[in-house]
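Enquirer: One line per chain: the protein sequences are A and B, in this order. Its first residue numbered 1, the first sequence is counted upward by one per residue in this note's numbering. Its first residue numbered 1001, the second sequence is counted upward by one per residue in this note's numbering. Built from N, CA and C at the ideal position, the CB exists for glycine as well.
Number of protein chains: 2
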Amino acid sequence: MVKRCVFFISDGTGITAETLGHSLLTQFNRDQFSYKTFPYIDTVEKAQQTVKQIKQYAYQAEQRPLIFSTIVNEAVTQELSSLDAFTIDCFSAFLTPLEQELQQPSNHSIGQNRVIAADPRYHQRITAVHFALDFDDGAKTYAYDQADVILIGVSRCGKTPTCLYLALQYGINAANYPLTEEDLDNQRLPGILLSHKDRVFGLTIDAERLAAIRHERRPESRYASIKQCRQEVNEVEALMQEAHVPFINTTRFSIEEIATRVLSMTGIQRQF
Amino acid sequence: MVKRCVFFISDGTGITAETLGHSLLTQFNRDQFSYKTFPYIDTVEKAQQTVKQIKQYAYQAEQRPLIFSTIVNEAVTQELSSLDAFTIDCFSAFLTPLEQELQQPSNHSIGQNRVIAADPRYHQRITAVHFALDFDDGAKTYAYDQADVILIGVSRCGKTPTCLYLALQYGINAANYPLTEEDLDNQRLPGILLSHKDRVFGLTIDAERLAAIRHERRPESRYASIKQCRQEVNEVEALMQEAHVPFINTTRFSIEEIATRVLSMTGIQRQF
Chain A
1 MVKRCVFFIS DGTGITAETL GHSLLTQFNR DQFSYKTFPY IDTVEKAQQT
51 VKQIKQYAYQ AEQRPLIFST IVNEAVTQEL SSLDAFTIDC FSAFLTPLEQ
101 ELQQPSNHSI GQNRVIAADP RYHQRITAVH FALDFDDGAK TYAYDQADVI
151 LIGVSRCGKT PTCLYLALQY GINAANYPLT EEDLDNQRLP GILLSHKDRV
201 FGLTIDAERL AAIRHERRPE SRYASIKQCR QEVNEVEALM QEAHVPFINT
251 TRFSIEEIAT RVLSMTGIQR QF
Chain B
1001 MVKRCVFFIS DGTGITAETL GHSLLTQFNR DQFSYKTFPY IDTVEKAQQT
1051 VKQIKQYAYQ AEQRPLIFST IVNEAVTQEL SSLDAFTIDC FSAFLTPLEQ
1101 ELQQPSNHSI GQNRVIAADP RYHQRITAVH FALDFDDGAK TYAYDQADVI
1151 LIGVSRCGKT PTCLYLALQY GINAANYPLT EEDLDNQRLP GILLSHKDRV
1201 FGLTIDAERL AAIRHERRPE SRYASIKQCR QEVNEVEALM QEAHVPFINT
1251 TRFSIEEIAT RVLSMTGIQR QF
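#1: Taking its Cβ as the centre, do 16 or more other Cβ atoms sit within 10 Å of Ser1254 of chain B, making it buried, or is it exposed?
#2: What beta strand (DSSP E) runs, 3 residues minimum, are completely inside the region 30-93 of chain A?
#3: List, in chain order, every chain B residue whose beta-carbon is nearer than 8 Å to that of Leu168 of chain A.
#4: Kindly list, in the order they appear in chain A, the residues whose Cβ is closer than 7 Å to that of Gly1014 of chain B.
#5: When the Cα atoms are used, what is the spatial distance from Asp1185 of chain B to Asp1206 of chain B?
#6: Buried or exposed, going by whether 16 or more other CB atoms sit within 10 Å of the CB of Phe1094 of chain B?
#7: I want to know whether the region 1008-1028 of chain B touches the region 1082-1101 of chain B - three or more CB-CB distances under 8 Å.
#8: The region 1066-1093 of chain B: which residues have C-beta closer than 8 Å to a C-beta of chain A, in chain order?
#9: Between the alpha carbons of Asn113 of chain A and Gly153 of chain A, how many angstroms are there, rounded?
#10: Output the distance between the C-alpha atoms of Val2 of chain A and Leu1102 of chain B, rounded to the nearest integer angstrom.
#11: Please report the straight-line C-alpha distance between Asn1198 of chain B and Gln1271 of chain B, rounded to a whole angstrom.
#12: What does Phe28 of chain A touch in chain B if you count any residue whose Cβ is under 7 Å from its own?
#13: Whole angstroms are fine: how far does the CA of Arg1125 of chain B sit from the CA of Thr1037 of chain B?
#14: The alpha helix (DSSP H) that contains Phe131 of chain A, what's its start and end?
#15: I want to see whether chain A comes within less than 8 Å of Ile1172 of chain B, judged by CB atoms only; does it?
#16: Do three or more CB pairs link the region 1218-1231 of chain B to the region 1125-1141 of chain B at distances below 8 Å?
#17: Please confirm if Leu184 of chain A has its CB atom under 8 Å from at least one CB of chain D.
#18: Which residues in the same chain as Leu1039 of chain B place their Cβ atom closer than 6 Å to its Cβ, once the five residues preceding and following it in sequence are excluded?
#19: Is the Cβ of Pro1039 of chain B closer than 8 Å to any Cβ of chain A?
#20: With a CB to CB cut of under 8 Å and the five nearest residues on each side skipped, what residues in its chain are close to Val129 of chain A?
#21: Would you please state the rounded distance, in angstroms, between the beta carbons of Asn249 of chain A and Thr204 of chain A? I believe it to be under 8 Å.
#22: Roughly how many whole angstroms lie between the Cα atoms of Leu1189 of chain B and Ala75 of chain A?
#23: Name, please, each residue of chain B whose Cβ falls closer than 7 Å to the Cβ of Arg125 of chain A.
#24: What does Thr19 of chain A reach in chain B if we use C-beta pairs closer than 8 Å?
#25: Name, please, each residue of chain A whose Cβ falls closer than 9 Å to the Cβ of Val1006 of chain B.
#26: Given 8 Å as the limit, is there contact between the region 41-60 of chain A and the region 1041-1054 of chain B, that is, 3 or more CB pairs closer than that?
#27: As a quick exercise: from A:Ile71, A:Val262 and A:Tyr35, pick the residue whose alpha carbon is nearest that of Pro246 of chain A.
#28: Starting from the Cα of Thr1026 of chain B, find the closest Cα among A:Thr16, A:Asp42 and A:Glu79 and give me that residue.
#29: Out of curiosity, what's the CA-to-CA distance linking Leu194 of chain A and Ala1259 of chain B?
#30: Considering just the uninterrupted stretch of the beta strand (DSSP E) at Asn1249 of chain B, what are its terminal residues?
#31: Since Leu151 of chain A sits in a beta bridge, which residues does DSSP pair it with?
#32: Beta-carbon within less than 7 Å of Gln1063 of chain B's beta-carbon, same chain only, minus the 5 sequence neighbours each way: which residues are those?
#33: Quick check on Pro178 of chain A: buried or exposed, where buried means 16 or more other Cβ atoms within 10 Å of its Cβ?
#34: Verify the CB distance criterion: does Leu151 of chain A have a CB-CB separation below 8 Å to chain B?
#35: Check the DSSP bridge columns for Ser10 of chain A and list the partner residues they point to.
#36: Under the rule that 16 or more other beta-carbon atoms within 10 Å means buried, what is Thr162 of chain A, buried or exposed?
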């Protein structure tokens, strides 16, 4: 079956168009679509090239393409309107009502292009990313008092990607500490975690899923065996319950969902 | 001045509502707003609590709040509609036209909640994140043939956060290699980069901005001095030009912009 084409077109990164488009299309069967993003379409010339490319892509398709667009410049929008497509234009739909509500003209309506300024979040994001790297995997623990959250759990339950996502997306200082067999044998949290217990949050995962993930890393190892995974998961969950550490099961969650649930359950304030 | 409240409300992570909302509000003066997200509002009970909280927050404000919402459940939407607010409901605006275009009912209209399934991107994202960590900072180079891109540049020009963003957001294997004074003295790319030159992409940065970033890390050091930064930046740019390595200046870009421009200029395909 020829898939129906979905295009994301933006004069910026395309992230807004992609985010909204994917979010809407999860309400349908997503397998029926193919996707392509055209970012930085900020001149009439680039718009003309894009139109040409879309016509080529869409040539084989049986149905007209879907377009999610976030173009500010009207001349660019004009070029794109020559396409035979179903278009959702996020900006034109909402900017005029917003202008009315705020009783302010938008940059769009005063003909100004997006102002490119140094990202005010840049510094905090970089700092948070390096914090996550420095305090990944429990190797160093000396700055735990500067952590907003310390994620704990068995190896490969999603701690590191979640910490990095929290850093990049929200500027949050997130450390992580893997609970090892030694910690589990002691049947109590390591001292360093006990002394920062208000920042500790647990991740757990179904043993079958954990075994599959570990198997990718070390095939046929004891580390990846279902027996070992099951034992570690059971012991960690018992330990976290015993220590009254809040935790969530990550098995069915995306990294975005794990990260936002950690924020929601801990009440940690996003930095931006 | 009391800032006007902006609320993002979602039955999921809230990321779509935040992304669209922030994107629209960059078209106005953003300093006039304060922001709060309510994620996972998926029951009438939680909606009632949210309404209560929003009324408290908005109590002091002089103007009614703005709400960006991506709620699928109609009973939840109903509760929220009791608020006196300017509401942009991303789903209700676009789902019906999409249903008509696709000639398919959405999960929304057939009364199904969002289907929670294991994220198909999870594995590739985890793999890519660990690739970025393993091949960060030039310490290891043995798997450069598995890299989709190898970012080069001076220390603290944005390589590491960009690699991690490429991994998390797009599942791309991104390594990075810092060009040191030793490399610069040789006036040519290190052999390991020459043998993977088709994957090498450069980041550069204004010396003043670099000095400010380095100063945060090592105040008053030679490393952070404007003279040192200027010299390194000049030499790296000359080296990249000489070697015909494409590069961009990151000074005024967010990490999202750096990452999407790298993709756009190299033509690397996103994994999702």
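Expert: To lay it out plainly:
#1: buried
#2: If we require 3 residues or more, the beta strand (DSSP E) runs fully inside the region 30-93 of chain A come out as 33-38, 66-70 and 86-89.
#3: Pro1161, Leu1164, Tyr1165, Leu1168 and Ile1255
#4: Thr260
#5: Inter-residue distance for Asp1185 of chain B and Asp1206 of chain B is about 20 Å (C-alpha atoms, whole angstroms).
#6: buried
#7: yes
#8: From the region 1066-1093 of chain B, only Leu1066, Thr1070, Val1072, Phe1086, Ile1088, Cys1090, Phe1091 and Ala1093 have a Cβ closer than 8 Å to chain A.
#9: Here Asn113 of chain A scores only 46 on pLDDT, less than 50, and its place in the model should not be relied on; the value that follows carries that caveat. Distance between the alpha carbons of Asn113 of chain A and Gly153 of chain A is about 47 Å.
#10: 15 Å
#11: Residue 1198 of chain B is actually Asp in this sequence, not Asn. About 19 Å.
#12: Leu1102, Gln1104 and Ser1106
#13: 25 Å
#14: Tyr122 to Asp134
#15: no
#16: no
#17: Checking the listed chains, one finds no chain D in this structure; the protein chains it contains are A and B.
#18: Contrary to the premise, residue 1039 of chain B reads as Pro rather than Leu in this sequence. Contacts found: Ser1010, Thr1013 and Gly1014.
#19: yes
#20: Leu164, Ala167 and Leu168
#21: 5 Å
#22: 43 Å
#23: Pro1161 and Ile1255
#24: Ile1015, Thr1016, Thr1019 and Leu1020
#25: Residues of chain A passing the Cβ test: none, with the nearest at roughly 11 Å.
#26: no
#27: Cα-wise, what sits closest to Pro246 of chain A is A:Val262.
#28: Closest option to Thr1026 of chain B, Cα to Cα, is A:Thr16.
#29: Each residue's Cα considered, the two are about 39 Å apart.
#30: Phe1247 to Asn1249
#31: A:Asn176 and A:Phe201
#32: Answer for Gln1063 of chain B: Arg1004, listed in chain order.
#33: Taking every protein chain shown into account, the CB of Pro178 of chain A has 16 or more other CB atoms within 10 angstroms, so this residue is buried.
#34: Interface with chain B (8 Å Cβ-Cβ cutoff): Leu151 of chain A is excluded.
#35: In the DSSP output, where bridge partners are listed per residue, Ser10 of chain A has A:Thr70.
#36: So Thr162 of chain A counts as buried.
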